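Asks: The sequence shown begins at 246 in my numbering and counts up one residue at a time.
Ideal Cβ positions, reconstructed from N, Cα and C, are used throughout, including at glycine.
Being a predicted model, the structure only gives us computed values, none of them experimental.
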Amino acid sequence: MMMNDCLDFSDYLVVGVNSNQWLINKKGNFFMDIKHRLYVINSLAAVDEAIEFEDDSKGSASNLLIAVRKKFPSNKIIFANGGDRSDTSKILEYDTAKKFDIALKFGIGGKS
């Protein structure tokens, strides 16, 4: 599981949870409201904190990266990417990560 694998290189795990509007835009609806999804994610043993976020106009999680950096201005932050992502050329968040001194880690949780 991706979240458990993050514990190998982190002692505090923040998970971004897409907003209701993101799900409506992507899927046409949502079956569980954001407050319930946040509750479920926060209940997982590996997770220290779940944060709701809105994708930017390009569909990236850059807004999440910025929010996490603002909340933790002096901490080392690693943006973990799943097994379907293998390098910086395949993610939209690269420029934001570089600008805000956020490390990138790929292949977390195995290949999908």
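Can you tell me whether residue 300 is buried or exposed? The criterion is at least 16 other CB atoms within 10 Å of its CB, across all chains shown.
Replies: Looking at its Cβ environment, which holds 16 or more other Cβ atoms inside 10 Å, residue 300 is buried.
Asks: Could you check which residue in 268, 255, 348 and 339 has the C-alpha nearest to that of residue 292?
Replies: Answer by Cα proximity: 255.
Asks: Between the C-alpha atoms of residue 335 and residue 269, what's the straight-line distance to the nearest angstrom?
Replies: Residue 335 and residue 269: Cα-Cα distance of roughly 24 Å.
Asks: Quick check on residue 349: does DSSP put it in helix, strand or coil?
Replies: Reduced to three states, the DSSP call for residue 349 is strand.
Asks: Let me make sure I understand the geometry here. Which of 342, 320 and 324 has the alpha-carbon closest to that of residue 251?
Replies: Ranking 342, 320 and 324 by Cα distance to residue 251 puts 324 first.
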